[in-house]
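Undergrad:
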Amino acid sequence: MWLPVLGLALGLIIGLIVPISMPQAYVQYMSVAVLAALDSVFGGARAGLEKKFDDVVFITGFFSNTLLAAGLAYIGERLGVALYTAAIFAFGVRLFQNLAIIRRHILKK
Amino acid sequence: MKRGQLYVAIVLLVLGMMLAVQFRTTKDIQQNAPISRAQELTARLKDVTEERDSLLIEVSDLRKKLEQTGRKGGAGKAISDELDKARMVAGLTPVEGPGVEVVLNDSPKKLEPGEDPNLYILHEEDLLKVVNELRAGGAEAISINGQRLLANSEIRCAGTTILVNTKKIVPPITILATGDPKALQSSLEIKGGILETLRFWGLQADVQQKQKVEIPAYDGPVVFQYSKSVKEGD
């Protein structure tokens, strides 16, 4: 359990310390990507509680979801359609569902 | 499960980095962007205002010089008369003479809820129409709230105000015009004409014949950057 927590803490520290600044034009893509990443992580946590966790599915899902979300936002911007709202909506709904399921699992224990 | 934990750790590391970068960038945008932009614009405005002021001083300076050379040039009275006439036609000297005074204002009516306020205020179109009628009626010189109309003066809507010679004009608007007072008044007051239309919408529109109206000179710079006069016979 400590290893993932360490990873998250390390990531936060690296992100805060290393002066990588993103061009403002990409902030929107990044925000959707972050949402997708959060969704994947919560999905993984849920799968872990349901004892269905598969590391390959998890890691591929994380990266493909993140890239797809950012790509979708990018394409949407080119097309003039606010496609990123679709991504926000889908990931937002799933985030809440996953959270609800995780909460029930924890309450049952 | 050890391998799984490692993967999860890597994924969370990436997520943490993304989150941190995103936090920082969002914060930067909120803090910096509007302030620096406002500062930049303020500085620009100050520069431009200063530039304009110094240019205005230069204009009056040059005009004085032009006047002096015109007077003591010694090349004869004819030339200076010609110059005076040209300057009067161009709108660079104040003029006076018989004419009319047109006073326009927004409607005094209180707005009922749901009514379009645009119907009851004076628009640049109305001014244009009045000026056009005055010109058709033989007006020689026209000023709007002290702004002399030149050949290249604009009458333009700019938000809640009207621009004339790039100066803001707000109601009440007084238009002065020299010319035959009777002809000017009747051209405005003609049945179905512009003043009748304005009054129909409740706007205040009055025209008065005057024995003497004084119309100021144009006080801005006159620059012909692209046009050149064509000499006949060339």
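These protein sequence lines are chains A and B, in that order. Position in the first sequence (from 1) plus 1 gives the number in this note's numbering. Position in the second sequence (from 1) plus 5 gives the number in this note's numbering. Glycine included, every Cβ here is placed at the ideal spot set by N, Cα and C. Source: prediction; values computed, not measured.
Going by alpha carbons, who is nearest to H128(B) out of V100(B), K114(B), L154(B), T165(B)?
TA: Nearest C-alpha to H128(B) among V100(B), K114(B), L154(B), T165(B): T165(B).
Undergrad: Taking only beta-carbon atoms, is F1(A) less than 8 Å away from chain B?
TA: Since the first residue of chain A shown is 2 and the last is 110, residue 1(A) is not available in this structure.
Undergrad: Suppose contacts are defined by Cβ-Cβ distances below 8 Å. Is L4(A) in contact with Q10(B) by that definition?
TA: yes
Undergrad: If I measure Cβ to Cβ from A46(A) and keep anything under 8 Å in the same chain, skipping five residues before and after, which residues do I get?
TA: N99, I103
Undergrad: Under three-state DSSP, which class holds K53(A)?
TA: coil
Undergrad: Taking Cβ-Cβ distances shorter than 7 Å, what residues in chain B pair up with F97(A)?
TA: Result: empty, since nearest Cβ-Cβ is about 18 Å, beyond 7 Å.
Undergrad: Which bits of chain B does D40(A) rub up against, with CB to CB less than 7 Å?
TA: What D40(A) touches in chain B: nothing, since even the nearest Cβ is about 11 Å away.
Undergrad: Do you know whose CA, among S59(B), K51(B), R153(B), lies nearest G96(B)'s CA?
TA: If we check each option's Cα against that of G96(B), R153(B) comes out closest.
Undergrad: Please list the terminal residues of the continuous alpha helix (DSSP H) segment that includes G119(A).
TA: This structure does not reach residue 119(A), given that chain A is present from 2 up to 110, and the question cannot be answered.
Undergrad: Contact check, I220(B) vs S158(B) under 8 Å by CB: the rounded distance?
TA: Wrong, their Cβ atoms sit about 13 Å apart, outside the cutoff.
Undergrad: First and last residue of the beta strand (DSSP E) that includes I160(B)?
TA: 160-163
Undergrad: Below 7 Å CB to CB, which residues in the same chain sit around Q190(B) once its five sequence neighbours on both sides are set aside?
TA: V105, V212, Q214
Undergrad: Using a 10 Å radius around the Cβ and a threshold of 16 neighbouring Cβ atoms, would you call E130(B) buried or exposed?
TA: exposed
Undergrad: Using the Cβ count rule (16 or more neighbours within 10 Å means buried), how would you classify E201(B)?
TA: exposed
Undergrad: Within 8 Å (strictly less), CB to CB, does L20(B) reach chain A?
TA: yes
Undergrad: Give the residues of chain A in contact with A14(B), contact being defined as C-beta atoms less than 7 Å apart.
TA: L4, P5, L7, G8
Undergrad: Is I76(A) close to the ligand SAH? I mean its beta-carbon at under 7 Å from any heavy atom of the ligand.
TA: This structure simply doesn't include the ligand SAH, nor any ligand for that matter.
Undergrad: Does chain B have any CB closer than 8 Å to the CB of G12(A)?
TA: It does; some Cβ of chain B falls within 8 Å.
Undergrad: Using the beta-carbon of each residue, which ones in chain A are nearer than 9 Å to Q27(B)?
TA: G16, M23, V28, M31, S32, A34, V35
Undergrad: Can you tell me whether G102(B) is helix, strand or coil according to DSSP?
TA: strand
Undergrad: Note down the Cα distance separating Y30(A) from V6(A), rounded to an integer number of angstroms.
TA: 26 Å
Undergrad: In the DSSP assignment, the beta strand (DSSP E) including Q148(B) goes from what residue to what residue?
TA: According to the sequence as given, residue 148(B) is Ser; it is not Gln. Counting along the chain, the beta strand (DSSP E) containing S148(B) begins and ends at 146-149.
Undergrad: With a threshold of 6 Å on Cβ separation, who are the neighbours of F63(A) within its own chain once the five nearest residues in sequence on each side are excluded?
TA: S41
Undergrad: Touching or not, the segment 9-24 of chain A and the segment 73-91 of chain A, by the rule of three or more beta carbon pairs under 8 Å?
TA: no
Undergrad: Rank V13(B), E194(B), L155(B), D111(B) by C-alpha distance to the C-alpha of R92(B) and give the top, closest one.
TA: L155(B)
Undergrad: Going along chain B in order, which residues have a C-beta closer than 9 Å to the C-beta of F59(A)?
TA: By Cβ distance, chain B contributes G9, Y12, V13, V16.
Undergrad: Would you mind sorting P186(B) into buried or exposed? The rule is 16 or more other CB atoms within 10 Å of its CB.
TA: Taking all protein chains in view, the Cβ of P186(B) is crowded by 16 or more other Cβ atoms within 10 Å, so the residue is classified as buried.
Undergrad: From the DSSP output, read off the bridge partner residues of R153(B).
TA: S148(B)
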